[in-house]
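Everything on this sheet refers to the single structure shown next.
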Amino acid sequence: MSNQPTYIGRFAPSPTGPLHAGSLVAAMASYLDAKANHGRWLLRMEDVDEARTAAGVAESILADVSALGMQWDGEVMFQSQRGAAYEAAFDRLGRLAYPCGCTRREIVDSRICVAADGAAVYPGTCRSGLPVGKPARAYRLRVPDPGHIDELIIFDDRWLGRMQQHLAIEVGDFVLKRADGFWAYQLAVVVDDAEQGVTHVVRGADLLDSTARQIYLQRQLLLATPQYLHVPVITNADGEKLSKQNGAQAIDMTQPLQALNKAAWFLGLDIGQVENIAAFWPLATAAWANLEATRPDDATVA
Numbered sequence: 123m124s125n126q127p128t129y130i131g132r133f134a135p136s137p138t139g140p141l142h143a144g145s146l147v148a149a150m151a152s153y154l155d156a157k158a159n160h161g162r163w164l165l166r167m168e169d170v171d172e173a174r175t176a177a178g179v180a181e182s183i184l185a186d187v188s189a190l191g192m193q194w195d196g197e198v199m200f201q202s203q204r205g206a207a208y209e210a211a212f213d214r215l216g217r218l219a220y221p222c223g224c225t226r227r228e229i230v231d232s233r234i235c236v237a238a239d240g241a242a243v244y245p246g247t248c249r250s251g252l253p254v255g256k257p258a259r260a261y262r263l264r265v266p267d268p269g270h271i272d273e274l275i276i277f278d279d280r281w282l283g284r285m286q287q288h289l290a291i292e293v294g295d296f297v298l299k300r301a302d303g304f305w306a307y308q309l310a311v312v313v314d315d316a317e318q319g320v321t322h323v324v325r326g327a328d329l330l331d332s333t334a335r336q337i338y339l340q341r342q343l344l345l346a347t348p349q350y351l352h353v354p355v356i357t358n359a360d361g362e363k364l365s366k367q368n369g370a371q372a373i374d375m376t377q378p379l380q381a382l383n384k385a386a387w388f389l390g391l392d393i394g395q396v397e398n399i400a401a402f403w404p405l406a407t408a409a410w411a412n413l414e415a416t417r418p419d420d421a422t423v424a
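Read left to right, the sequence shown gives residues 123 to 424 (the numbering used here).
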């Protein structure tokens, strides 16, 4: 009989800035879901975009996560050390991957529509081969044509309910390797989740639009698809997702319990008064389990 847990979750921050309130919410949700399900909780640094990685930030995030009482299992994975694995996965995709010579301006000018995340839907300019005289800039993954049986990706989100996305219409052929030479997030996260045996992905709803692409990639690479849960994201006064790009402030680690209580409140967890971090986590885990038990099975989003 295998002793492997049936639940493996993960927290995968990008070390481009310090841990802030928005990333703490995602970390807490993934940690509590793992603990409530008696599973393992892994930590991965998504530093595949090495140009945006800030020196010392990964170590700072690890220190903060630990000081906040979240203990990860196993060794921390760094995407910057995983290039060979991404290359191997790319090679397995064969003719589904193709070179693209389009600039961002050309894609915007010829876009067929705009995706949910605001990006231009790629019109397929280089699908049949690079135009004469155009060098390859990026590499894209060919998605099914409209009307194909695999074109509609449907999945059940544990927080949001049944979701679906038409890849050809809403996304288009998406990037696997960027023009700057770095591997794209979509490929890296799929390969890494499979390598780490991740069974449950808990993350912010800002990444919901990426899920169908990742499921499609998993299918092409013959990899298992985890269960997904996307929690709400904290927004600023302008309604924008709180992020490092719009000046999100680092967690005040002189008051860690206050930061934890705020994150728990945002997630709808009834913790009550706690005196210290050690007392916080058992109560938070029980509150998360209760929240999951009372969530309607047929919850859907229009």
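Glycine included, each C-beta is placed from N, C-alpha and C at the ideal position.
When the five nearest sequence neighbours on each side are left out, the beta carbons in the same chain lying within less than 6 angstroms of the beta carbon of methionine 199 are those of Arg166, in order along the chain.
With fewer than 16 other beta carbons inside 10 angstroms of its own, valine 230 counts as exposed. Looking at the DSSP output, glutamine 287 sits in a beta bridge with Ile275. Around the beta carbon of glutamate 168, a 10 Å sphere encloses 16 or more other beta carbons of the protein chains shown; the residue is thus reported as buried. Of all alpha-carbon atoms in Pro137, Ala189, Gln193, Gly178, the one lying nearest the alpha-carbon of aspartate 171 is that of Pro137. Closest option to arginine 217, judged by alpha-carbon separation, among Val311, Arg162, Val254, Asp295: Asp295. About 25 angstroms separates the CB atoms of alanine 316 and alanine 290; that is not less than 8 angstroms, and the two are not in contact.
When DSSP states are grouped into helix, strand and coil, alanine 372 belongs to the strand group. The beta carbon of methionine 192 sits closer than 6 angstroms to the beta carbons of Tyr153 from its chain, once the five residues preceding and following it are set aside; these are given in chain order.
Secondary structure at threonine 357: strand, using DSSP grouped into helix, strand and coil. In its chain, beyond the 5 residues on either side, Ile275, Ala334 have a beta carbon closer than 6 angstroms to the beta carbon of glutamine 287. Non-local beta-carbon contacts of phenylalanine 402 in its own chain, meaning distances under 6 angstroms to residues more than five positions away in sequence, involve Leu382, Val396 in chain order. Less than 8 angstroms separates the beta-carbon of glycine 131 from that of alanine 156. Secondary structure at tryptophan 305: strand, using DSSP grouped into helix, strand and coil. Judged by pairs of C-beta atoms under 8 angstroms, the stretch 251-265 touches the stretch 296-311, as three or more such pairs exist. Taken in chain order, the whole alpha helix (DSSP H) runs of length 4 or more contained in the stretch 168-252 are 179-189, 205-214, 226-232. Residue nearest to alanine 211 within the set Val311, Leu190, Leu389 is Val311 (criterion: CA-CA distance). As far as DSSP is concerned, glutamine 318 takes part in no beta bridge. Each of Ala177, Pro354, Val187 was checked against the Cα of alanine 134, and the nearest Cα belongs to Val187.
Contact between glutamine 349 and threonine 321 holds, with the beta-carbon distance rounding to 7 angstroms and staying under 8 angstroms.
When beta bridges are read from the DSSP output, alanine 260 appears opposite Cys222.
By the criterion of a C-beta distance shorter than 7 angstroms, methionine 375 is surrounded in its chain by Asp186, Ala189, once the five residues flanking it on both sides are discounted. Glutamine 349 has His322 as its beta-bridge partners, per DSSP.
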